[in-house]
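Notes to accompany the following structure.
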Amino acid sequence: MATVRAFAPGDELPLVDAWCRSMPGDPTTAGWFRDCVLLDPNFDPEGLRVAVVDGRVAGCAYGVRRRTPLAPGTDLEPETGWIPFFFVVPEQRGTGLGRRLVGEAVAFLEGLGRTKVEFSSYTPNYVLPGADAELYPDGFRLLGGLGFETLYSPVAMDRTLVGYATPDEVHELRAAREREGYSFRSPSDGELPELIRFAADGFNPDWGEAIRRHRDPRRMVIARTDRIVGFALYAAYRGIPERFGPFGVDPEQRGTGLGKILLHLTMTMMRAEGLHSSWFLWTGETSPAGHLYTKAGYRITRRFHVMRRSA
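When we follow our numbering, the leftmost residue of the sequence shown carries the number 18, and every step to the right adds one.
Set out below in structure tokens:
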């Protein structure tokens, strides 16, 4: 008989071990669990529901809500809670334990007044953008059975950098834009506050915070006229050098080729650093960015479903 309770000190290493056995396609480390769960300012041990069977951790589900704002100028999103991850070890599947764990995480969040519970787009510490129905079909069905509905379905994409060279057309496009007064370069330290505001206000507060935490202009590139109108960077998330993004262009500047220039400049920088691939977890397959990535040689590697349950 399983016991389900709140997280307690000493659970961390057994949880990581159970996680890696349960989700072999997305293993984690004790360091990630410490930094992104236990030391997250929003962490509440009551929200991390831990299942124990015969004295051993058999699964968990994590419910989290904002106790501190994501970024300056943002609120606590008081209607929303998130379940960034849940799992059950293989030998306990089919017992109803997963449904019980997720149900308790939902009840925790709804008991705090959250009327929307999302899987699993919690920023900045999400594990995956959403449910991977191909790799974890049982988990996807479980969420559907508990009333979660798909909001949208982002894709992950990868591109090898082996043999990469900047296409001639990109060199020509850059030269044309530079004749018009655009410049493309790494930002100075003095430009970082402007870049953070541009990313946060124009796109997503999490993007601004990713730049603030990154603090390495050598792995960033901006497009500007009299102001910043686009940017791209890499190694911003979890310090993984081959992870591309965030990346954005002022909507008023789209159609000028700035995104294409920035993307290829960043890949050139990554290749110069000796990196062998470029990848990211989240874009719209049919969005302008998705089409840009495809034309640049990126290929879809995974599909996810961002899901929501509304009270």
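C-beta atoms are modelled at their ideal positions from N, C-alpha and C, and glycine is treated no differently. As the structure is a prediction and not an experimental result, all values here were calculated from the model.
Would you call the CB atoms of residue i and residue j closer than 8 Å?
| i | j | result |
| --- | --- | --- |
| Gly-314 | Arg-176 | yes |
| Arg-111 | Arg-326 | For the record, residue 111 in the displayed sequence is Gly; it is not Arg. No. |
| Val-144 | Arg-320 | no |
| Pro-101 | Ser-137 | yes |
| Gly-219 | Gly-276 | no |
| Arg-66 | Val-21 | yes |
| Thr-91 | Pro-258 | no |
| Gly-76 | Leu-118 | yes |
| Val-238 | Arg-202 | yes |
| Tyr-298 | Ala-249 | Note on identity: in this sequence residue 298 is Leu, with Tyr being the wrong assignment. Not a contact, by the Cβ cut-off of 8 Å. |
| Val-74 | Ala-35 | yes |
| Thr-132 | Ala-328 | yes |
| Trp-224 | Arg-260 | no |
| Leu-341 | Met-286 | Missing from the structure shown is residue 341; the chain here goes from 18 to 328 and no further. |
| Asp-206 | Pro-234 | yes |
| Ala-78 | Glu-121 | yes |
| Ala-19 | Val-69 | yes |
| Arg-236 | Tyr-251 | yes |
| Thr-337 | Leu-87 | With the chain covering 18 to 328 only, the question about residue 337 has no answer from this structure. |
Is residue i helix, strand or coil by DSSP?
| i | result |
| --- | --- |
| Glu-166 | strand |
| Ile-317 | strand |
| Ile-239 | strand |
| Ala-306 | helix |
| Gly-120 | helix |
| Glu-208 | helix |
| Gly-247 | strand |
| Asp-28 | coil |
| Arg-22 | strand |
| Asp-218 | helix |
| Thr-311 | helix |
| Val-144 | coil |
| Glu-226 | helix |
| Leu-298 | strand |
| Ala-192 | helix |
| Glu-127 | helix |
| Asp-155 | helix |
| Val-187 | helix |
Count the other CB atoms within 10 Å of the CB of residue i; is the residue buried (16 or more) or exposed (fewer)?
| i | result |
| --- | --- |
| Tyr-169 | exposed |
| Val-134 | buried |
| Met-324 | buried |
| Thr-303 | exposed |
| Asp-149 | buried |
| Val-105 | buried |
| His-281 | buried |
| Gly-272 | exposed |
| Glu-226 | buried |
| Glu-208 | buried |
| Asp-243 | exposed |
| His-322 | buried |
| Met-40 | buried |
| Arg-194 | buried |
| Gly-256 | exposed |
| Ala-192 | exposed |
| Pro-89 | exposed |
| Pro-107 | exposed |
| Gly-64 | buried |
| Ala-25 | exposed |
| Gly-147 | buried |
Only counting the same chain, and skipping five residues up and downstream in sequence, which positions put a Cβ closer than 6 Å to that of residue i?
| i | result |
| --- | --- |
| Val-246 | Ala-240, Asp-267 and Gln-270 |
| Val-123 | Val-134 |
| Gly-42 | Leu-152 |
| Gly-274 | Leu-190 |
| Asn-59 | Val-81, Arg-83 and Arg-84 |
| Trp-99 | Val-81, Glu-135 and Tyr-139 |
Does residue i have its Cβ less than 8 Å from a Cβ in chain B?
| i | result |
| --- | --- |
| Gly-156 | Any reference to chain B falls outside this structure, which holds one protein chain only. |
Which residues in the same chain as residue i place their Cβ atom closer than 8 Å to its Cβ, once the five residues preceding and following it in sequence are excluded?
| i | result |
| --- | --- |
| Ala-155 | With the sequence shown as reference, residue 155 is identified as Asp, and Ala is not the correct amino acid for it. Cβ neighbours of Asp-155 beyond the five flanking positions: Arg-110 and Gly-115. |
| Pro-44 | Trp-36 and Cys-37 |
| Glu-29 | Ala-47, Phe-50, Arg-51 and Leu-55 |
| Asn-142 | Cys-53, Val-54, Asp-57 and Pro-101 |
Leaving out the 5 sequence neighbours to the left and right, which residues in its chain are closer than 7 Å to residue i when beta-carbon positions are compared?
| i | result |
| --- | --- |
| Glu-166 | Met-324 and Arg-325 |
| Tyr-310 | Met-174 and Thr-300 |
| Ile-213 | Gly-225, Ile-228 and Arg-229 |
| Ala-216 | Trp-224, Gly-225, Ile-228, Phe-248, Pro-263 and Gly-265 |
| Pro-204 | Leu-212, Pro-234, Met-237 and Ile-239 |
| Val-187 | Lys-277, Ile-278 and His-281 |
Say yes only if the C-beta of residue i is nearer than 7 Å to one or more non-hydrogen atoms of the ligand MN, and no if none qualify.
| i | result |
| --- | --- |
| Gly-115 | Inclusion of the ligand MN in the displayed structure is not the case, the ligand content being empty and no account of it being possible. |
Counting only runs that start and end within the stretch 252 to 292, where is the beta strand (DSSP E) found for 3 or more residues in a row? 261 to 266
Can you list the beta strand (DSSP E) stretches of 3 or more residues lying completely in the stretch 32 to 117, in chain order? 65 to 70, 73 to 79, 97 to 99 and 103 to 105
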